[in-house]
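Here's the structure, in structure tokens; my notes come after.
Residue numbers (our numbering): 195 to 333.
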């Protein structure tokens with residue numbers, strides 16, 4: 195997903211961990227991410243959380259999209275802050291899922307809370323063919 199995600203790349207996000215139903219991403223707040231109050235734009239904090247949500251809900255190789263999101267911005271983030279978005283599945287059944295994401299700064303302060311509802315596309319995968327496990331062999 196990272197190779198095709200221009201937003202992820204342009205904001206300098208980094209995937210730190212992906213496991214079934216969860217993901218952690220980070221983003222360093224730059225000067226071009228600040229709004230008129232000299233704090234990180236809330237839409238960019240939401241974008242970080244939404245991207246962690248995307249990785250978490252696609253982690254089982256079922257093509258999954260957001261059907262709704264809600265975000266609460268709790269504290270401001272400033273230039274130089276390293277934000278971490280930790281997203282975990284709370285409920286999954288059929289093609290629907292609910293995920294919670296917490297965005298924190300480098301001091302562990304909770305910056306935002308995010309909840310996303312996901313919808314898995316029937317019969318579609320993120321990766322068409324998973325690579326074989328183990329090292330490649332020459333033949």
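Glycine is no exception: its CB is placed at the ideal position from the N, C-alpha and C atoms.
Cβ-based burial, residue i [other Cβ within 10 Å; buried from 16]
i	result
residue 229	exposed
residue 207	buried
residue 275	buried
residue 342	This structure cannot speak to residue 342, because the chain is shown only from 195 to 333.
residue 213	exposed
residue 290	exposed
residue 237	exposed
residue 170	Residue 170 lies beyond the residue range present for the chain, which begins at 195 and ends at 333; the question has no answer from this structure.
Euclidean distance between Cα positions of residue i and residue j
i	j	result
residue 300	residue 317	39 Å
residue 273	residue 312	31 Å
residue 231	residue 288	43 Å
residue 266	residue 247	15 Å
residue 284	residue 264	15 Å
residue 281	residue 308	9 Å
residue 261	residue 240	15 Å
residue 286	residue 292	7 Å
Chain B within 8 Å of residue i, Cβ atoms only
i	result
residue 285	Although the question refers to chain B, the structure presented lacks it and comprises just one protein chain.
For residue i, the first and last residue of its enclosing alpha helix (DSSP H)
i	result
residue 300	It is not in any alpha helix (DSSP H) - residue 300 carries neither H nor E in the DSSP assignment.
residue 234	First-last for residue 234: undefined, no H or E at that position.
residue 223	That residue, residue 223, is in no alpha helix (DSSP H); it is neither H nor E in DSSP.
residue 262	Here residue 262 belongs to no alpha helix (DSSP H); instead the beta strand (DSSP E) covers 258 to 267.
residue 204	200 to 204
Beta-carbon proximity list for residue i, same chain, < 6 Å, skipping 5 on both sides
i	result
residue 256	314
residue 258	251, 252, 312 and 314
residue 249	212 and 217
Beta-carbon contacts of residue i that lie in its chain and below 8 Å, excluding the five residues immediately before and after
i	result
residue 245	199, 201, 202, 207, 219 and 279
residue 304	268, 269, 296, 297 and 298
Contacting residues, own chain, Cβ-Cβ under 7 Å from residue i (five flanking each side not counted)
i	result
residue 196	202 and 209
residue 223	234, 271, 272, 273, 274, 275 and 277
residue 320	195, 252, 255 and 257
Residue span of the beta strand (DSSP E) that contains residue i, given as start and end
i	result
residue 254	Neither: residue 254 is in no beta strand (DSSP E) and is coded neither H nor E.
residue 286	276 to 287
residue 212	208 to 213
Check: residue i C-beta below 7 Å from any heavy atom of the ligand SAH
i	result
residue 200	In terms of ligand content, the structure shown is empty, and the ligand SAH therefore cannot be addressed.
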